[in-house]
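Under my numbering, the first residue of the sequence shown is numbered 510, with each subsequent residue one higher. Glycine included, each C-beta is placed from N, C-alpha and C at the ideal position. Just so you know, these numbers come straight off a predicted model, no measurement behind them. Read the structure below first, then the notes.
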Amino acid sequence: MQQSYAPYSGFRVGAALCTSTGEVISGTNVENASFPMSVCAEHVAVSRAVSMGFRDFTEIAIATEADRPTPPCGGCRQVLNEFSPEIVICTYTRDGRGARWTLRELLPEVFVLDTVGGKI
510 MQQSYAPYSG FRVGAALCTS TGEVISGTNV ENASFPMSVC AEHVAVSRAV
560 SMGFRDFTEI AIATEADRPT PPCGGCRQVL NEFSPEIVIC TYTRDGRGAR
610 WTLRELLPEV FVLDTVGGKI
């Protein structure tokens, strides 16, 4: 979270993604003046891991400076589902309080390619 770039919202997020081989890949949110170009910490961590050759993840820990545990946004849930539908998601507040969910609990109905007949 220390390397987060959040000059617009001030909402700093850090993510640590655990691979099935025990590697931990980190990511932070990166905001942009063109808001749609901003990237969430979870998405950064997944992108970094995939670029390093990892495709299977067991857990992601997310830290924010919020007062309550903050689960990933819908887009990040979908990105996580692409690689690890059974991933465990743990979130932590600035004072260390946490919450734990499975991705299925947060995203019970996922979009998959079969939804559109396997063609996009």
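Tell me which same chain residues have a C-beta within less than 8 Å of the C-beta of residue i, skipping the five on either side of it?
| i | result |
| --- | --- |
| G584 | C549, H552 |
| T611 | E595, I596, V597, I598 |
Whose C-beta lies closer than 7 Å to the C-beta of residue i among residues of the same chain, with five residues either side of it excluded?
| i | result |
| --- | --- |
| C582 | C549 |
| E540 | Y514, A515, P516, Y517, S518, S547 |
| G607 | P578, C599, T600, Y601 |
| D576 | T602 |
Please state whether the Cβ-Cβ distance between residue i and residue j is less than 7 Å.
| i | j | result |
| --- | --- | --- |
| E568 | V588 | no |
| T600 | P578 | yes |
Cα separation between residue i and residue j?
| i | j | result |
| --- | --- | --- |
| A572 | D623 | 33 Å |
| L526 | S560 | 13 Å |
| N538 | R557 | 13 Å |
| N590 | V619 | 8 Å |
Note down, in chain order, each residue of its chain lying with its Cβ closer than 6 Å to the Cβ of residue i, except the 5 sequence neighbours on either side.
| i | result |
| --- | --- |
| S529 | D565, T567 |
| R586 | L615, L616 |
| R603 | E574 |
Exercise. Mind listing, in chain order, the continuous alpha helix (DSSP H) runs of no fewer than 4 residues lying wholly within the segment 527-577?
Key: 550-560
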